[in-house]
Amino acid sequence: QEDFPITIATWNFPNASKRAGELLAAGATALDAVEQGVMVEEANLKNTTVGKGGAPDRDGNVTLDACIIAPDGNAGAVVYLKNNTHAVSVARKVMEETPHVMLAGEGADQFAREKGFEKENLLTPSSEAAYNEWLKKKEYKPIINIENHDTIGMLCIDKNGDLAGACSTSGLSYKMNGRVGDSPIIGSGLFLDNEVGGAVATGMGEAIMKNVSSFLVVELMRQGNSPQEACETAVKRIIDKNPNYKEFQAAIIAINKKGEIGSYCIQKGFSYVKYQNNTNTNISSKYYM
Ligand code: SD4
């Protein structure tokens, strides 16, 4: 078994993994650590695909998707959240303080206000300028490995060996108004079972959703596959079902109860970060192409 605690996160988000890892080392629960870790990227204005500063949709709205899963399997999610940076925290409130799992749009907004999250404007001057530039051509195509900082998906195992996960994104840049991706959908963008392990995905949400990829990875691990084998099978499933797979990225990272880690993706260029024993390590993922 690996040394606990362990944090892994999609892409190279060393500040987020460090925050979660330091909290875990100080005795925080996996659930608290994963929320606090993801919040670091949500607040990072330079990250144009998560939280405040995220790229807007084609009509200029910044809309966030996020979810969180606790060790006991409880889950919460928000989609099309327009006025709050910390979508993961609103998702946690949905999990803990409502009888529901997912709140969308106006309802999510209303709930956030009721819970004391102040209304914010998520469109920063630089993302507005980039959007105005985009409007000149209005070209919509996925950008593979956008600037290497993308949707954050995080999995934490705490000192007790308990597992929690969270995922937060502004989704695909210049998506259609109303579009929701895989990230807030339990089983697609994120899934875990505290008896088995967890998985989180990033990349083209439509392909990930159609294959319920995170759930697939956890179920493959339950059947005895290593995290690496499970991620490879799930990404290959996406490839098999999408003849245009060369045009987009899809990546999955996974961890099992022993702390073994796997990751796989379609295209070169995806990495994940691991924080363990007071050290951050950025690890390049194996890939198909
Ligand atoms: C989505 N999966 O909304 C997210 C975006 C992402 O790399 O992860 N991009 O489809």
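Just so you know, we're using UniProt numbering here: the sequence shown kicks off at 2 and counts up by one.
For every residue, glycine included, the Cβ atom is placed at its ideal position computed from N, Cα and C.
Bear in mind that the values here come from a model prediction, so they are computed numbers and not experimental data.
Asked                                                                                                                                                                                        : Found
For D66, which three-state DSSP category applies?                                                                                                                                            : strand
When you compare the CB positions of V80 and D66, do they come within less than 8 Å of one another, or not?                                                                                  : yes
Thinking just about the alpha-carbon of each residue, which of S286, M290 and R238 is nearest to the one in K211?                                                                            : R238
Once DSSP output is grouped into helix, strand and coil, what is the label at V236?                                                                                                          : helix
I need the boundaries of the alpha helix (DSSP H) containing F112, first residue and last residue.                                                                                           : G106 to E115
I'd like the list of long-range same chain contacts for T8, defined as Cβ closer than 6 Å, with 5 residues on each side in sequence excluded.                                                : S18, A21, G22, C157 and Y276
Quick one: grab the DSSP three-state call for F118.                                                                                                                                          : coil
Report, in whole angstroms, the separation of the C-beta atoms of T86 and K47, which I expect to be a contact under 8 Å.                                                                     : So it is not a contact: roughly 14 Å between Cβ atoms.
With a threshold of 7 Å on Cβ separation, who are the neighbours of Q250 within its own chain once the five nearest residues in sequence on each side are excluded?                          : I145, N146, G204, M205, C266, I267, Q268 and F271
Helix, strand or coil for L25? Go by DSSP, reduced to three states.                                                                                                                          : helix
Could you tell me whether any non-hydrogen atom of the ligand SD4 is closer than 7 Å to the CB of T49?                                                                                       : no
Apart from the five residues on each side of it in sequence, which residues of its chain come closer than 6 Å, Cβ to Cβ, to K160?                                                            : F5 and P6
Over the uninterrupted alpha helix (DSSP H) stretch that includes L32, give me the two end residues.                                                                                         : A31 to A44
On the premise that F112 lies in contact with residue 1, defined as a C-beta separation below 8 Å, what is that separation, rounded to the nearest angstrom?                                 : With the chain covering only 2 through 290, there is no way to say anything about residue 1.
Quick check on E196: buried or exposed, where buried means 16 or more other Cβ atoms within 10 Å of its Cβ?                                                                                  : exposed
Put D194 into one of helix, strand or coil per three-state DSSP.                                                                                                                             : strand
For E148 and S128, I'd like the C-alpha separation in whole angstroms.                                                                                                                       : Reliability of the predicted coordinates at E148 is poor, the pLDDT of 49 falling under 50, and the value obtained from them is presented with this limitation in mind. Answer to the nearest angstrom: the Cα atoms are 14 Å apart.
Since T11 and G154 are thought to touch, with beta carbons under 8 Å apart, how far apart are those beta carbons, to the nearest angstrom?                                                   : 4 Å
For G260, count neighbouring Cβ atoms within 10 angstroms of its own Cβ and tell me buried if that reaches 16, exposed if not.                                                               : buried
With a threshold of 16 other CB atoms inside 10 Å of the CB of K176, please say whether the residue is buried or exposed.                                                                    : buried
Under 8 Å: do the stretch 164-175 and the stretch 33-47 share three or more Cβ pairs, one atom per stretch?                                                                                  : yes
Starting from the C-beta of V236, find all residues in its chain whose C-beta is less than 7 Å away, skip the five residues before and the five after it, and write them out in chain order. : A251, I253, Y265, C266, I267 and Y289
Leaving out the 5 sequence neighbours to the left and right, which residues in its chain are closer than 8 Å to Q2 when beta-carbon positions are compared?                                  : K259 and G260
Compare the Cα-Cα distances from T49 to each of A131, G106, G77 and Y246 and report the closest residue.                                                                                     : A131
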